[in-house]
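Notes follow once the structure below has been shown.
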Amino acid sequence: MTANSANSATSAMSAMSARPNLRLCTVCGSACAKFKPGPHGTRLDASCPGCGALERHRFLALVVPALVAHASSTSSMSGGVLLDVAPMRGTTPLLKATVPYPYVGIDFDPSADRRVVDVTGSLTHVPLADASVSLLICMQVLEHIPDDAAAMCEIARVLAPGATAIVQVPRRRGIPTDEDPSVGPEERLARFGQADHVRYYGDDFEDRLLAAGLSIEILTGRDLIDDASAVLLGLPLTETLWLCARAGTGPGDLTAALRAAMPAVLASMLARSAATALAERTRLEGSLARLGPRRPLHRRALSYAARKVRR
Ligand SMILES: [Zn+2]
């Protein structure tokens with residue numbers, strides 16, 4: 000990545016950000032006018048029609064390549080695996096393509112969400128050796144686990160020195176964590192936001208991570224991108240990730256390093272997006288050619304779709 004290509008990516012982002020009806024998915028690279036509503040229709044403009052990625056997945060897709068670039072530039076890549084806890088189908092291909100560590104997907108009950116995993120197991124008893132994980136992803140998982148202290152201790156145990164765990168939970172500020180593993184699905188839905196959640200984290204979330212032997216750096220969308228890019232990428236500036244490391248082994252000021260890596264990450268994302276658009280246009284034009292002069296309505300629809308694909 001040269002300074003020129005990073006600068007041209009920044010200019011391209013600015014130009015695209017000026018188009019109010021354009022969204023780019025950082026996960027699959029597809030472009031659309033607006034994202035679809037999120038789960039249960041709770042949020043408009045949330046879910047990528049191409050891959051189903053939500054805001055948190057699009058944030059992850061910016062952060063992971065930046066983390067890898069930082070680890071590579073500081074020669075701090077350890078020889079462990081990428082452990083993806085409760086993997087999302089949409090992000091797995093990107094993670095496998097971006098992260099140079101062997102990929103291991105793990106889930107306690109993959110059938111619950113038709114996940115494709117390599118290992119069936121609980122985060123409270125990870126079947127991996129101490130210090131064997133170079134990057135761990137644990138998004139929206141801990142609020143499902145009754146013994147979250149055990150899960151957090153397992154994260155600290157399996158992380159290699161200097162390795163990062165990307166953690167995210169739903170969290171409310173200003174109140175302590177509300178939890179009760181004994182209540183039924185109906186009350187869980189009302190109190191914790193989902194029928195299979197056992198708590199809603201509050202102000203003490205960081206204390207729990209610290210007690211498990213983890214150090215924490217809190218990263219928000221605002222740390223990495225500006226307002227216009229946030230709209231284009233469908234990524235709220237308040238989107239938050241907790242970057243954790245085994246206490247005493249953390250790689251230092253990650254936020255500054257990730258911010259510095261952002262122009263290169265965005266340039267790479269734009270190149271992928273352009274390749275996706277070209278492939279789609281080629282596919283549509285191929286269909287047009289095969290159709291021949293007949294079926295004018297079908298031809299018109301295909302032709303319109305091909306023109307709409309961003310060049
Ligand atoms: Zn997508």
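Using numbering that gives the first Met the number 0, the first residue of the sequence shown is number 0, and each one after it goes up by one. Beta carbons are placed, not taken as given, at the ideal position from N, Cα and C, and that holds for glycine. Because the structure is a prediction, the values reported are computed rather than measured.
What's the call for residue i, buried or exposed, on a 16-neighbour Cβ count within 10 Å?
i: H39; result: exposed
i: T237; result: exposed
i: R187; result: buried
i: H297; result: exposed
i: S228; result: buried
i: G89; result: buried
i: A260; result: buried
i: T281; result: exposed
i: A266; result: buried
i: A14; result: exposed
i: A211; result: buried
Ligand 1 heavy atoms versus the CB of residue i: any closer than 7 Å?
i: S29; result: yes
i: A210; result: no
i: C152; result: no
i: G89; result: yes
i: C243; result: no
i: A130; result: no
i: C137; result: no
i: V182; result: no
i: A52; result: yes
i: G49; result: yes
i: V26; result: yes
Under 8 Å, do residue i and residue j count as touching if we go by C-beta distance?
i: T91; j: D83; result: yes
i: D146; j: P175; result: no
i: T9; j: A60; result: no
i: L287; j: T254; result: no
i: L277; j: R245; result: no
i: C243; j: T123; result: no
i: S272; j: G51; result: no
i: A194; j: V140; result: no
i: E178; j: V166; result: no
i: F34; j: S46; result: yes
i: V132; j: G79; result: yes
i: R22; j: L231; result: yes
i: E142; j: V125; result: no
i: D19; j: C31; result: In the sequence as presented, Asp is not what sits at residue 19; that position holds Pro. Not in contact: P19 and C31 (Cβ atoms no closer than 8 Å).
i: L283; j: H69; result: no
i: Y102; j: L94; result: yes
i: L269; j: A11; result: yes
Which residues does DSSP list as the beta-bridge partners of residue i?
i: P178; result: In the sequence as presented, Pro is not what sits at residue 178; that position holds Glu. Paired residue(s): R198.
i: Q167; result: M138
i: V132; result: V80 and L158
i: K35; result: S46
i: G104; result: D83
i: T239; result: T219
i: V321; result: Coverage of the chain is limited to positions 0 through 310, which leaves residue 321 absent and any answer about it impossible.
i: L213; result: R245
i: T123; result: None, per the DSSP bridge assignment.
Suppose the cutoff is 8 Å on Cβ atoms and the five residues either side in sequence are ignored; what does the same chain contact list for residue i look like?
i: S98; result: In the sequence on display, residue 98 carries Val and not Ser. Cβ within range, chain order: V63, V67, L81 and L134.
i: L208; result: M151, V166, I215, W241 and C243
i: R172; result: G201 and D202
i: V264; result: L61, P64, A65 and A68
i: L127; result: V80, L82, V103 and V157
i: R190; result: D177, D179, V182 and Y199
i: A274; result: G28
i: A96; result: none
i: P184; result: A194 and D195
i: G192; result: P169 and Y199
Using a Cβ-Cβ cut-off of 6 Å (strictly less than) and excluding sequence neighbours within five positions of residue i, which residues of its own chain qualify?
i: F107; result: S121
i: I285; result: The sequence given here places Gly at residue 285; Ile does not occur at that position. The answer is none, since no qualifying residue turns up.
i: F204; result: R170
i: P160; result: T248
i: R221; result: L236
i: P180; result: P145 and V197
i: S71; result: none
Report all residues from its chain with a CB closer than 7 Å to the CB of residue i; omit the five preceding and five following residues, and keep chain order.
i: D129; result: R156 and V157
i: P36; result: R42, L43, A45 and S46
i: V116; result: P86, G104, I105, D106 and P109
i: E54; result: A45, G233, L234, P235 and E238
i: Y100; result: G79, V80, L81, S133 and L134
What do you reckon, is the C-beta of residue i under 7 Å from a heavy atom of ligand 2?
i: G233; result: For the structure depicted, ligand 2 is absent and the ligand set comprises only ligand 1.
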